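Student: Under the numbering used here, the first residue of the sequence shown carries the number 646, and numbering increases by one thereafter.
Just passing along the structure, written as structure tokens.
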Amino acid sequence: MIRILLFIFFLQSICSNAQEIFHKTTKLMGSRFDLTVVANDSTEGRKYIEIAIEEITRIEKLISSWDTNSQTSEINRNAGIKPVKVDKELFDLIERAIAISKLTDGAFDISYASMDRIWKFESSMTKMPSKEEIAASVEKVGYENILLDKANHTVFLKKIGMKIGFGAIGKGYAADTTKQLLISKGVSSGIINASGDMNTWGKQPNGEDWTVAITNPMNKNKAFALLPLKQGAVVTSGDYEKFVMFDGIRYAHIINPKTGYPSRGIISVTVFAPSAELADALATSIFVMGKDIGLDRINQIPNVECIIIDTEGRVHQSQNIKINEKTN
Ligand code: ADP
Ligand code: MG
Numbered sequence: 646m647i648r649i650l651l652f653i654f655f656l657q658s659i660c661s662n663a664q665e666i667f668h669k670t671t672k673l674m675g676s677r678f679d680l681t682v683v684a685n686d687s688t689e690g691r692k693y694i695e696i697a698i699e700e701i702t703r704i705e706k707l708i709s710s711w712d713t714n715s716q717t718s719e720i721n722r723n724a725g726i727k728p729v730k731v732d733k734e735l736f737d738l739i740e741r742a743i744a745i746s747k748l749t750d751g752a753f754d755i756s757y758a759s760m761d762r763i764w765k766f767e768s769s770m771t772k773m774p775s776k777e778e779i780a781a782s783v784e785k786v787g788y789e790n791i792l793l794d795k796a797n798h799t800v801f802l803k804k805i806g807m808k809i810g811f812g813a814i815g816k817g818y819a820a821d822t823t824k825q826l827l828i829s830k831g832v833s834s835g836i837i838n839a840s841g842d843m844n845t846w847g848k849q850p851n852g853e854d855w856t857v858a859i860t861n862p863m864n865k866n867k868a869f870a871l872l873p874l875k876q877g878a879v880v881t882s883g884d885y886e887k888f889v890m891f892d893g894i895r896y897a898h899i900i901n902p903k904t905g906y907p908s909r910g911i912i913s914v915t916v917f918a919p920s921a922e923l924a925d926a927l928a929t930s931i932f933v934m935g936k937d938i939g940l941d942r943i944n945q946i947p948n949v950e951c952i953i954i955d956t957e958g959r960v961h962q963s964q965n966i967k968i969n970e971k972t973n
């Protein structure tokens, strides 16, 4: 009898631990999101995915500079006119973005966005913007002119024509926030993958770490490396999706805020960091800083590592990283 009871108990414990992986791929923030959660059954799995989608949609409404109803658009419309009161969440995000600008000597700058009036990587540009257009546009860029009033939670862009945009940090931020929300709802494990900006937590139901594939910039259909990821975030930023070509020169969608010209020399950057937001912003910054300064800077930040691939296909990595390259 005891044996039977023990057997039933054993069976029950297996069944109650039988967690499964649930996935959904969907388009949010204008990008592909792959959402993965571990749950006890499909009803629970679907519910968690739904919570994630709602959260990402909420963030998009707050930070999008395309959506004319967002607080971000309100800030942009009032550039040079007046400070705009915003939610604490947006205020804090802008404050952290400015901190990253300082950390990267201005390579990262959310006020790069005024230049999306002349550099349009999404649609077909037919010629280079003129030197004059670039000079006039770069004049509106500068994180020093984003004025924050902490007591009143207002944001003021000092110059008329200034504009902020979260293209280089928003997806990472959404991945972090969604992860935290799901954890607070009791989700033990999952991956939020925002087009290569990934944050993971927990383990797979079989007890193994999640394995993340990093895109090969030379061939998007092949993984460049497969890495186990325990807790943190990994972000890959590449110029293989958004770029323009003029006179045989490839210009990436990441702009040097000081010159107004797109960065060159690097085709892909992968950054590992405790948060996807930081990894996302740093990946973009490395494009602008270039390989040498980028590596040097990353080597000085604790718990942050990177892999850079230059336009010749050479791989450079920060001091504490060890990868087994996978070429096919
Ligand atoms: P992806 O969106 O392909 O993952 P990134 O995270 O590197 O790539 O972000 C690139 C986007 O960041 C650009 O499309 C643009 O919206 C914005 N951006 C471009 N240059 C800068 C810059 N110097 N600082 C901050 N954001 C930038
Ligand atoms: Mg980025």
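Glycine is no exception: its CB is placed at the ideal position from the N, C-alpha and C atoms.
Nothing here was measured: the structure is a model prediction, and the numbers come from that model.
Have a look at GLU719 and TYR757 and give me their C-alpha separation to the nearest angstrom.
Tutor: Near 17 Å, if we compare the C-alpha coordinates of TYR757 and GLU719.
Student: With distance defined between alpha-carbon atoms, name the residue in GLU957, ARG959, GLY958, ASN965 nearest to CYS951.
Tutor: The residue with the shortest Cα to Cα distance from CYS951 is ASN965.
Student: Could you pull out every unbroken beta strand (DSSP E) segment of at least 3 residues lying fully inside the region 805-858, listed in chain order?
Tutor: Correct list: 835-839, 842-846.
Student: Alpha carbon to alpha carbon, how far is LYS733 from HIS798?
Tutor: The straight-line gap from Cα to Cα measures roughly 7 Å.
Student: Using the Cα positions of ILE954 and VAL916, report the straight-line distance between them to the nearest angstrom.
Tutor: Approximately 12 Å between the Cα atoms of the pair.
Student: Take GLY810 as the anchor and find which of SER930, MET760, ILE755 has the nearest alpha-carbon.
Tutor: Minimum Cα distance to GLY810 is reached at ILE755.
Student: Assess contact between the region 666-681 and the region 695-710, defined as three or more Cβ pairs (one per stretch) separated by less than 8 Å. Is contact present?
Tutor: The answer is yes - the region 695-710 touches the region 666-681, with three or more Cβ pairs under 8 Å.
Student: Pull up the distance between the alpha-carbon of GLU665 and that of LEU680, whole angstroms please.
Tutor: Going from the Cα of GLU665 to the Cα of LEU680 covers about 14 Å.
Student: Please state the DSSP three-state secondary structure of ALA724.
Tutor: Note: ALA724 maps to coil in three-state DSSP.
Student: Please report the Cβ distance between ILE739 and LEU793, rounded to the nearest whole angstrom; I am assuming they are in contact, meaning their Cβ atoms lie under 8 Å.
Tutor: With 8 Å as the limit, ILE739 and LEU793 qualify as a contact, their Cβ atoms being about 7 Å apart.
Student: Which residues share a DSSP beta bridge with THR681?
Tutor: THR681 is bridged to HIS668, ILE836.
Student: Start and end of the alpha helix (DSSP H) containing PHE891?
Tutor: Note, PHE891: premise wrong, no alpha helix (DSSP H); beta strand (DSSP E) at 888-891.
Student: Do SER913 and GLY883 have their CB atoms nearer than 7 Å?
Tutor: Yes, the pair counts as a contact, with Cβ atoms nearer than the cut-off.
Student: Less than 7 Å between the beta carbons of ALA928 and VAL880, yes or no?
Tutor: In this structure, VAL880 lies closer than 7 Å to ALA928 by Cβ.
Student: Considering Cα atoms alone, identify which of TYR818, GLY675, GLY935 is closest to ALA921.
Tutor: Taking only the C-alpha atoms, the option nearest ALA921 is TYR818.
Student: If you reduce the DSSP assignment to three classes, tell me which class GLY787 lands in.
Tutor: Coil, per DSSP.
Student: How would you call GLN716, buried or exposed, if buried means at least 16 neighbouring beta carbons within 10 angstroms?
Tutor: It counts as buried.
Student: In terms of DSSP beta bridges, what is ALA878 paired with?
Tutor: Its beta-bridge partners are ASN844, ALA918.
Student: Between THR904 and VAL783, which are expected to be in contact by the criterion C-beta below 8 Å, what is the C-beta distance as a whole number of angstroms?
Tutor: Between VAL783 and THR904 the Cβ distance is about 7 Å, and since that is below 8 Å, they are a contact.
Student: Measure the alpha-carbon distance for GLN962 versus ASN723 and round it to whole angstroms.
Tutor: Approximately 42 Å, taken between the alpha carbons.
Student: Can you give the Cα-Cα distance for THR822 and HIS898, rounded to whole angstroms?
Tutor: Rounded to whole angstroms, THR822 to HIS898 spans 25 Å at the Cα level.
Student: For ARG909, name the three-state secondary structure that DSSP assigns.
Tutor: Correct three-state label for ARG909: coil.
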